[in-house]
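*Asks:* The opening position of the sequence shown corresponds to residue 1364 in our numbering, with each subsequent residue numbered one higher. Cβ coordinates follow ideal geometry from the N, Cα and C atoms, glycine included.
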Amino acid sequence: MKIGLLAGGGDLPRAVLDGANRAGHEIFLGKLTDENFESDTSLGQKQFSLGEFGKISKVFKKVGVTHICLAGYVDRPDFSDLKPDFKTLTKLPGALLAAKKGDDALLRYVIEAFEQEGFKILSPQELSASLLMPAGHLGAHRIEDGDRADAEKAMKTAREIGAMDIGQAAVVCRGVVLAVEAQEGTDAMLQRVATLPENLRGNGSKRVGVLAKMVKPDQDKRVDLPTIGPRTVELAAEAGLAGIIVEAEGALVLGREELIERANEANIFVVGLPPLES
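#1: Applying the criterion that 16 or more other CB atoms from any shown protein chain within 10 Å of the CB defines a buried residue, is A1503 buried or exposed?
#2: From E1610 to P1638, what distance separates their C-alpha atoms?
#3: Taking C-beta to C-beta, are G1371 and G1417 nearer than 8 Å?
#4: Along the chain, which unbroken stretches of the alpha helix (DSSP H) at least 4 residues long are found entirely within the stretch 1364 to 1393?
#5: Tell me whether K1463 is buried or exposed, calling it buried when 16 or more other Cβ atoms sit within 10 Å of its Cβ.
#6: Going by DSSP, what residue range makes up the beta strand (DSSP E) through V1540?
#7: Let me know the secondary structure DSSP gives S1578 once reduced to three states.
#8: Which value, in whole angstroms, describes the spacing of the CA atoms of E1515 and V1539?
#9: Please name the residue in I1419, F1411 and G1367 whose C-alpha comes closest to that of T1404.
#10: Would you kindly check if the distance between the Cβ of D1374 and the Cβ of Q1592 is under 8 Å?
#11: Would you say L1622 and V1633 are within 8 Å of each other, going by their C-beta atoms?
#12: Indicate whether at least one CB of chain C lies closer than 8 Å to the CB of V1437.
#13: Please check the pair R1585 and L1485, which I expect to be a contact at CB under 8 Å, by giving their CB distance rounded to whole angstroms.
#14: Out of curiosity, what's the CA-to-CA distance linking D1581 and A1532?
#15: Span of the beta strand (DSSP E) holding L1433?
#16: Which parts of the stretch 1483 to 1558 are runs of the alpha helix (DSSP H), unbroken and 4 residues or longer, counting only runs that do not cross its ends?
#17: Taking only three categories from DSSP, how would you classify I1591?
#18: Along the alpha helix (DSSP H) that carries L1452, what are the first and last residues, could you check?
#19: Please classify Q1488 as buried or exposed, where buried requires at least 16 neighbouring CB atoms within 10 angstroms.
#20: Kindly list the residues whose CB is nearer than 7 Å to the CB of R1522, restricted to its own chain and excluding five residues on each side of it in sequence; keep chain order.
#21: Grouping DSSP H, G and I as helix and E and B as strand, with all else coil, what is F1411?
#22: Pull up the distance between the alpha-carbon of I1608 and that of L1541, whole angstroms please.
#23: Tell me, to the nearest whole angstrom, how far the beta carbon of Q1408 is from that of L1392; I am working on the premise that it is less than 8 Å.
#24: With DSSP run on the structure shown, which of helix, strand or coil describes L1445?
#25: According to DSSP, is G1606 helix, strand or coil?
#26: Following the continuous alpha helix (DSSP H) through V1422, name the residue where it begins and the one where it ends.
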């Protein structure tokens, strides 16, 4: 199986690439950012822009790629500044309509476009299963009874904004929704929570509140699963939160050992729970 890895920013593409190499897959790396990758790519690598759908498809087919994996973050494009090749131009009206609905709709459109070219789409977790969040806790700290009401409301809130294709995450403290994620992303949302008065949130000596990151209802799990890592724990700690909740088998964990170390140091729980019932 020859795989084309379309790599955006962040640590996820490297984790996927390392996992695919360990499994012995042949990889061609299509870089959508200018980040450097030191990992071996047996079929080579090439830089692409977001307006080069036709070029990406042509290059992938030339080297024998049959499957594509999308990993890493890509800033939502300014379509007015996009320099599309001809094939991208034919896809642009549909992309614009999808983008108005939300990120999940846009990603579905991108997936369908590649599938129409004959490629099969693989998820990051199919290439590196160890990235999936297991059921239960990571680290020494456990969710306490006093956190469960906040946890449930945060999960429900995250699912509700996900149903509207707004974001995947929410923060709840003492029953109050302090923040929901939109285009700014989880890190910026947590930084915003950290600026709120401490009477609304916790602090380092008395942690209160929960961050929940949930799969959007009906989301295509091959792309854009909720992801947490050491930085998530660091920012949750700065915001005074007691813990982090994601769906078991429905989220990706980057830098697991470092994440556990930071969670233990900050007295924060990290737990994978079953998805909410509809």
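*Replies:* According to the data block:
#1: exposed
#2: 6 Å
#3: No, the Cβ-Cβ distance between G1371 and G1417 is not below 8 Å.
#4: 1375 to 1385
#5: exposed
#6: V1539 to V1543
#7: Position check: residue 1578 holds Val in this sequence, whereas Ser was assumed. In the three-state reduction of the DSSP assignment, V1578 falls in the coil class, being assigned neither a helical nor a strand state.
#8: 12 Å
#9: With distances taken between Cα atoms, T1404 lies closest to G1367.
#10: For the record, residue 1592 in the displayed sequence is Gly; it is not Gln. A contact, by the Cβ cut-off of 8 Å.
#11: yes
#12: Reference to chain C is not applicable here, since this structure consists of a single protein chain.
#13: Rounded to whole angstroms, the Cβ separation of R1585 and L1485 is 7 Å, and the two are in contact under 8 Å.
#14: Roughly 16 Å between the two C-alpha positions.
#15: From DSSP, the beta strand (DSSP E) with L1433 extends over H1430 to A1434.
#16: 1487 to 1490, 1511 to 1526 and 1549 to 1557
#17: strand
#18: F1449 to K1464
#19: buried
#20: M1577, P1580 and L1639
#21: coil
#22: 16 Å
#23: About 4 Å; that satisfies the 8 Å criterion.
#24: In the three-state reduction of the DSSP assignment, L1445 falls in the coil class, being assigned neither a helical nor a strand state.
#25: DSSP places G1606 in the strand class (E or B) of the three-state scheme.
#26: DSSP places V1422 inside the alpha helix (DSSP H), whose first and last residues are F1416 to K1425.
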